[in-house]
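Novice: Below are the C-alpha cells for one structure; questions will follow.
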Amino acid sequence: DAGVTQSPTHLIKTRGQQVTLRCSPKSGHDTVSWYQQALGQGPQFIFQYYEEEERQRGNFPDRFSGHQFPNYSSELNVNALWLGDSALYLCASSLDQGAYGYTFGSGTRLTVV
Amino acid sequence: RKEVEQDPGPFNVPEGATVAFNCTYSNSASQSFFWYRQDCRKEPKLLMSVYSSGNEDGRFTAQLNRASQYISLLIRDSKLSDSATYLCVVSPLSSGSARQLTFGSGTQLTVLP
Numbered sequence: 290d291a292g293v294t295q296s297p298t299h300l301i302k303t304r305g306q307q308v309t310l311r312c313s314p315k316s317g318h319d320t321v322s323w324y325q326q327a328l329g330q331g332p333q334f335i336f337q338y339y340e341e342e343e344r345q346r347g348n349f350p351d352r353f354s355g356h357q358f359p360n361y362s363s364e365l366n367v368n369a370l371w372l373g374d375s376a377l378y379l380c381a382s383s384l385d386q387g388a389y390g391y392t393f394g395s396g397t398r399l400t401v402v
Numbered sequence: 004r005k006e007v008e009q010d011p012g013p014f015n016v017p018e019g020a021t022v023a024f025n026c027t028y029s030n031s032a033s034q035s036f037f038w039y040r041q042d043c044r045k046e047p048k049l050l051m052s053v054y055s056s057g058n059e060d061g062r063f064t065a066q067l068n069r070a071s072q073y074i075s076l077l078i079r080d081s082k083l084s085d086s087a088t089y090l091c092v093v094s095p096l097s098s099g100s101a102r103q104l105t106f107g108s109g110t111q112l113t114v115l116p
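Which chain is which? The protein sequence lines are A and B, in order. When we follow the numbering used here, the leftmost residue of the first sequence carries the number 290, and every step to the right adds one. When we follow the numbering used here, the leftmost residue of the second sequence carries the number 4, and every step to the right adds one.
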C-alpha cells in the first residue's frame with residue numbers, strides 16, 4: 290500500500306522563476322492538503338483540495354496555486370519565486386477532508402537562490 | 004500572537020529521564036488536538052491524539068485542558084530513539100468541512116546516552 294508520494298525530492302530555482310510540485314495521495318484517500326515548513330518552524334497550511342476544488346486556503350498570496358486531478362493527485366504551483374519561498378513543502382492526504390486523520394509525504398525541499 | 008505556542012527548547016535529557024512538553028492554543032473553538040513527531044529532515048508523523056480525559060500510549064501521556072487552552076505531553080523513561088522535534092497540533096473549527104491542521108513551531112528533544 291503506497292503512502293503519499295511527492296516529487297521531486299529536492300529542487301533549486303532562481304528568484305522570479307516558477308515551480309510545480311507534485312503529490313500522489315495514499316491509496317483510498319481523496320483529499321490533498323499542502324503545507325510549507327520553513328527551517329525551524331512548524332508546517333503552515335497553504336490550501337486543501339477536495340473533489341478537484343480548493344476548499345480552504347491559509348494565509349498565502351495568490352502566487353501559490355494548485356490543482357487536483359480526477360485521480361486525486363495534486364500539484365502546487367508557485368510563481369515569481371523569492372528567497373523566502375525556500376522551505377520544505379509537504380503534501381498530506383486524507384479521506385473526506387481530514388475526517389479520519391492525515392498521512393504526510395516526505396516533502397519537496399525547495400531552495401530559491 | 005501565534006495560534007499554537009510551544010517552548011522551542013532544546014531539551015537535552017539523559018536516557019531514562021521523564022520530560023514534559025507544554026503547548027497553548029489561542030482559538031477556543033479548536034476541536035481536535037494532536038502531538039506529531041518529526042525526525043530531522045523527515046515528514047511529521049502522528050504520535051498521538053489528545054483527548055479531554057487524558058490518554059496514554061505506553062511511555063507517552065497526553066493531557067488537554069480546554070478551560071486553559073493548554074496541551075501537554077509527558078514522556079517517561081526516555082530512549083535515545085525519542086530524540087526528535089515534537090509538534091503540538093490543533094484542528095480549528097472551520098467554516099466548511101475542511102479540517103486544516105495548525106502546527107506549533109515544535110520542541111526539540113535530544114536524549115543523551
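Here a beta-carbon is modelled for each residue, glycine too, at the ideal position from N, C-alpha and C. What you are looking at is a predicted structure, and each value in this text was computed from that prediction instead of being measured.
#1: Given this structure, state the Cα-to-Cα distance separating A:F271 from A:E341, to the nearest angstrom.
#2: List the residues of chain B whose Cβ lies closer than 9 Å to the Cβ of A:G390, in chain order.
#3: Chain A beta carbons: is any one of them nearer than 8 Å to that of B:R4?
#4: Between the Cα of A:L379 and those of A:R352, A:T309, A:R344, A:S395, spot the shortest distance and give me the residue it belongs to.
#5: Note down the Cα distance separating A:E364 from A:G355, rounded to an integer number of angstroms.
#6: Helix, strand or coil, according to DSSP, for B:L104 in the structure here?
#7: Quick check on the burial criterion: 16 or more other C-beta atoms within 10 angstroms. Buried or exposed for B:S33?
#8: What residues in the region 303 to 333 of chain A have a beta carbon less than 9 Å from any beta carbon of chain B?
#9: Please list, in chain order, the chain A residues whose beta carbon lies closer than 9 Å to that of B:Q34.
#10: Take every Cβ of the region 332 to 348 of chain A, pair it with every Cβ of the region 5 to 21 of chain B, and state whether three or more of those distances are shorter than 8 Å.
#11: Three-state secondary structure (DSSP) at A:D385?
#12: Are the region 306 to 320 of chain A and the region 74 to 83 of chain B in contact at 8 Å, needing three or more beta carbon pairs?
#13: Answer yes or no: do B:R40 and B:A87 have a C-beta to C-beta separation smaller than 8 Å?
#14: If the criterion is Cβ atoms closer than 8 Å, does the pair B:F36 and B:S52 meet it?
#15: Name, going along the chain, the residues of the region 343 to 354 of chain A whose beta-carbon falls closer than 8 Å to a beta-carbon of chain B.
#16: So A:G396 contacts chain B; which residues on that side make the cut at Cβ distance below 9 Å?
Specialist: To lay it out plainly:
#1: Here chain A covers residues 290 to 402 and nothing more, so residue 271 of chain A does not appear.
#2: The answer, in chain order, is F37, L49, S52.
#3: No, B:R4 lies away from the interface with chain A (no Cβ there is under 8 Å from its Cβ).
#4: Among A:R352, A:T309, A:R344, A:S395, the Cα nearest to that of A:L379 is on A:S395.
#5: Each residue's Cα considered, the two are about 5 Å apart.
#6: Of the three classes helix, strand and coil, the one that applies to B:L104 here is coil, per DSSP.
#7: It counts as buried.
#8: For the region 303 to 333 of chain A, residues whose beta-carbon sits nearer than 9 Å to a beta-carbon of chain B comprise T320, S322, Y324, Q326, G329, Q330, G331, P332, Q333.
#9: Going along chain A, no residue has its Cβ under 9 Å from B:Q34, so there is no contact; the nearest lies around 11 Å.
#10: By the Cβ criterion, the region 332 to 348 of chain A is not in contact with the region 5 to 21 of chain B, since fewer than three pairs of Cβ atoms, one from each stretch, lie closer than 8 Å.
#11: It is helical.
#12: Note that the region 306 to 320 of chain A does not touch the region 74 to 83 of chain B; fewer than 3 beta-carbon pairs, one per stretch, sit closer than 8 Å.
#13: For the 8 Å CB-CB criterion, B:R40 and B:A87 form a contact.
#14: Taking the C-beta atoms as reference points, B:S52 is found nearer than 8 Å to B:F36.
#15: Listed by position along the chain: R344, Q345, G347.
#16: Under a criterion of Cβ atoms nearer than 9 Å, the residues of chain B adjacent to A:G396 are, in order, R44, K45, E46.
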